[in-house]
Each structure stands twice: as structure tokens, then as C-alpha cells.
Amino acid sequence: MSVSKVPTPEASTDSTPSVIRPYGDQTGDGMVQVSFTLPMASSKRAEGAALQLAGKMGIEPAIVVHSKAIGDGFTFFVVYGSVKHLVEPHLVEVVEREFPLLSGKEINTAIKKHLRRKLVVVGACIGTDAHTVGIDAILNIKGFAGEKGLEYHREITVVNLGAQVLIPELVERAREARADAVLVSQVVTQRDAHIHNTTAMSAAFREAFPAGKVPLLVVGGPRFEEGSAGSLGVDRIFGRGTTPGEVASYLIHALVPQRDADRQAKGA
Numbered sequence: 334m335s336v337s338k339v340p341t342p343e344a345s346t347d348s349t350p351s352v353i354r355p356y357g358d359q360t361g362d363g364m365v366q367v368s369f370t371l372p373m374a375s376s377k378r379a380e381g382a383a384l385q386l387a388g389k390m391g392i393e394p395a396i397v398v399h400s401k402a403i404g405d406g407f408t409f410f411v412v413y414g415s416v417k418h419l420v421e422p423h424l425v426e427v428v429e430r431e432f433p434l435l436s437g438k439e440i441n442t443a444i445k446k447h448l449r450r451k452l453v454v455v456g457a458c459i460g461t462d463a464h465t466v467g468i469d470a471i472l473n474i475k476g477f478a479g480e481k482g483l484e485y486h487r488e489i490t491v492v493n494l495g496a497q498v499l500i501p502e503l504v505e506r507a508r509e510a511r512a513d514a515v516l517v518s519q520v521v522t523q524r525d526a527h528i529h530n531t532t533a534m535s536a537a538f539r540e541a542f543p544a545g546k547v548p549l550l551v552v553g554g555p556r557f558e559e560g561s562a563g564s565l566g567v568d569r570i571f572g573r574g575t576t577p578g579e580v581a582s583y584l585i586h587a588l589v590p591q592r593d594a595d596r597q598a599k600g601a
């Protein structure tokens, strides 16, 4: 995974200023909108507490534009106000996609030519996570965002274990299937459950498989930080909005390295 820094203002070719501010009504007015919940019953005092919090966050002046009781002793707020903070876009670091997006035909051809067998993918939601929408969007043939899932590719064998899969079971099923890659979806994030589950899963695979024989470990979910794959012990992290085509293209990039060598040999 490559982490690249956006060019400095001197080298930038776009029209983005070196320093910017958020805006709501007029450019540069610094207006932002935030939402949060306080453990207080809905009342004038609760609204005052929300404004106090906004002030400590640097939002000043601020107004409560919405408040709603969401249970016994809890109130949800939306606060609107101005911040003095500045943003420097040239200091932003982002994770760039380091592989090309391939068509379905290119994916099947690469697997058939270089692996000479079907590429095996095992997927699951681990721990107590029962939200299969993410993993199904990537694996199931119906796919996501107009793209077919991995099951659609004739050269890919998919084993979808579903929800709430225990880590030992995932490891064993991956071993039985002789998985080339293991895809794990983590939507539940309370108390950093996604972090704990991912690190435990990674450790279990590295203990169960000989060095160099561990399947490609790929994790996806809305709360993972880009660039944290190394610290979590996995090979790749995908965030919200990832499509099946991106995942399939990455698998080819990571598991079929001969393809790049062929391209270079041909001068492509």
C-alpha cells in the first residue's frame, strides 16, 4: 500500500488555495454543522450544555438548530456555528490506489493464464458482527453500485460464511478451502470491536499457517483508517463505497504478480 502526499502549493497544478476554511452561507465564513448526543433529558439546561460543548470545540458563536429526546435521559443535538480553524490541503496525506481497475474479462484471463486454477476467496463477518450487507455486496453475484460481485467471475470460487463467524472457524474453513484470500467485513465498531477482531484474526492466521503461506488478508468497513493495514496485521483495508471491481482488481494485483512482469516485458 502506498501513501502519497498531495503536492505542495508550489508544485500543485490545480486551483486549490494553500489555506481554506469551511463555509455555509458565504465563502470563507467558517460555518460548520455538527451533531452529537448528550446523556441529559431534553430541556433548556441540556441545550445550554450543548452550546457549552460547542464552544469548547471552537464553534463560536453557535446555535442549536435541532434537538430531540431519544430516550429516557438522552437528547440528540444539531449545532450550527463558526470555527476559526484553517485547513491546509497540501499537508493532507491520502492512500492512493496502487493498482489499475480491471474489467471482468481481464480478471478472468489473468487468473486462468497465471494461476491456471480458480482463485479461492473466503469471506465472513467475524465476532458478534451480524451485518452482512458489506460482505454480501462484494461477494454475492448481485454486487453493488452496478457491479457484479466476485461470484460473477467464472475463475473465482467464493465461500461466503456469513455473519458472526468465530475466528477459529474462519481459519479452519480457509485452510479447508485452500483460500488464496480471506475477506472480512466489520461494521460493528463499538469500543473498537473492529480493531480488536481484526488484530486477533490476523494473529490467528499467522499462528496457524507457515510463514509465507498465510492467505491474503483483506478487511473492509466504514470505520477503518486508511493506511492502518500494517499496524493491524492485514494486507489491505477497504473503506465505505468500495465496489466489487476494486476488490477483484486488488486480488489480481496482489496474487498474480506475473501479470505486471508480462506487461513490462511487452513494453506496455
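Residue numbers 334 to 601, in my numbering, belong to the letters of the sequence shown in order. Yeah, the Cβ is synthetic: ideal placement off N, Cα and C, and Gly gets one too.
Exposure label - residue i; buried when at least 16 CB within 10 Å
i: A594; result: Only weak support exists for where A594 lies, its pLDDT of 40 falling under 50; the coordinates are left without a value.
i: T360; result: exposed
i: V504; result: buried
i: F369; result: exposed
i: G574; result: exposed
i: E564; result: The identity of residue 564 in the sequence shown is Ser, whereas the question assumes Glu. Burial call: exposed.
i: P350; result: exposed
i: P548; result: buried
i: S337; result: Low confidence applies to S337: its pLDDT is 42, below 50, so where it sits in the model is not reliable, and the reading given next is rough at best. So S337 ends up on the exposed side.
i: A536; result: exposed
i: T576; result: buried
i: A374; result: exposed
i: A383; result: buried
i: T531; result: buried
i: I353; result: exposed
i: L435; result: buried
i: A507; result: buried
i: T346; result: With a pLDDT of only 48 at T346, under the threshold of 50, the placement of this residue in the model should not be trusted, and no figure is reported.
i: I489; result: buried
i: V583; result: In the sequence under discussion, the amino acid at residue 583 is Tyr, which differs from the Val named in the question. With 16 or more Cβ atoms within 10 Å of its Cβ, Y583 is classed as buried.
i: A463; result: exposed
i: D568; result: buried
i: Y356; result: exposed
i: G305; result: Lying before the first or after the last residue shown, residue 305 is absent from the chain, which here runs from 334 to 601.
i: I474; result: exposed
i: G476; result: buried
i: G482; result: buried
i: V398; result: exposed
Residues sharing a beta bridge with residue i, DSSP
i: K401; result: F409
i: I396; result: Y413
i: L452; result: I489
i: G553; result: S518 and F571
i: A457; result: V517
i: F477; result: E480
i: V547; result: According to DSSP, which records beta bridges pairwise, V547 is partnered with nothing at all.
i: V420; result: I353
Nearest neighbour of residue i, chosen from the options [CA to CA]
i: R556; options: G545, V520, H586 and K446; result: V520
i: Q497; options: V466, A514, S561 and S436; result: V466
i: V428; options: I570, S400 and D405; result: I570
i: H527; options: L435, I500, R508 and E509; result: I500
i: I396; options: A387, G404 and I403; result: A387
i: T522; options: I459, T442 and R506; result: I459
i: R554; options: K401, S436 and D469; result: Here residue 554 turns out to be Gly, not Arg, going by the sequence shown. For the residues K401, S436 and D469, the minimum Cα distance to G554 belongs to D469.
i: A478; options: K451, E579, V365 and I444; result: E579
i: R487; options: D462, E439 and D358; result: E439
i: V551; options: K475, E480, I471 and E509; result: I471
i: I403; options: Q385, A379, E426 and L424; result: A379
i: G363; options: V420, I585 and D405; result: V420
i: V425; options: G566, A581, R450 and E559; result: E559
i: G566; options: A533, A587 and V589; result: A533
i: I585; options: K401, P433, V398 and K377; result: P433
i: V589; options: G381, K446, K377 and D358; result: K446
Span of the beta strand (DSSP E), counted from its first residue to its last, around residue i
i: S564; result: Element bounds for S564: not the beta strand (DSSP E) but the alpha helix (DSSP H), A562 to L565.
i: R487; result: Taken as a continuous stretch (DSSP letters only), R487 belongs to no beta strand (DSSP E), as it is neither H nor E.
i: G571; result: Residue 571 is actually Phe in this sequence, not Gly. Here the beta strand (DSSP E) through F571 covers R569 to F571.
i: E429; result: E426 to E429
Enclosing alpha helix (DSSP H) for residue i [first to last residue]
i: S582; result: P577 to L588
i: T370; result: Segment M364 to L371 is the beta strand (DSSP E) holding T370; no alpha helix (DSSP H) there.
i: V504; result: I500 to A510
i: Q385; result: K377 to K389
i: I444; result: Note, I444: premise wrong, no alpha helix (DSSP H); not H, not E.
i: L472; result: V466 to L472
i: T532; result: A526 to A541
Taking 8 Å as the cut-off, does the segment 535-553 touch the segment 476-495 (at least 3 CB pairs, one atom from each stretch)? Touching, no.
Say whether the segment 453-467 touches the segment 513-527, bearing in mind that this needs 3 or more beta-carbon pairs closer than 8 Å, one atom from each stretch. The segment 453-467 vs the segment 513-527: in contact.
Check whether the segment 403-411 and the segment 366-382 are in contact - that is, three or more C-beta pairs closer than 8 Å. Output reads yes: the segment 366-382 touches the segment 403-411.
Between the segment 390-405 and the segment 413-428, do at least 3 Cβ pairs fall closer than 8 Å? Cβ pair count under 8 Å is three or more, so yes.
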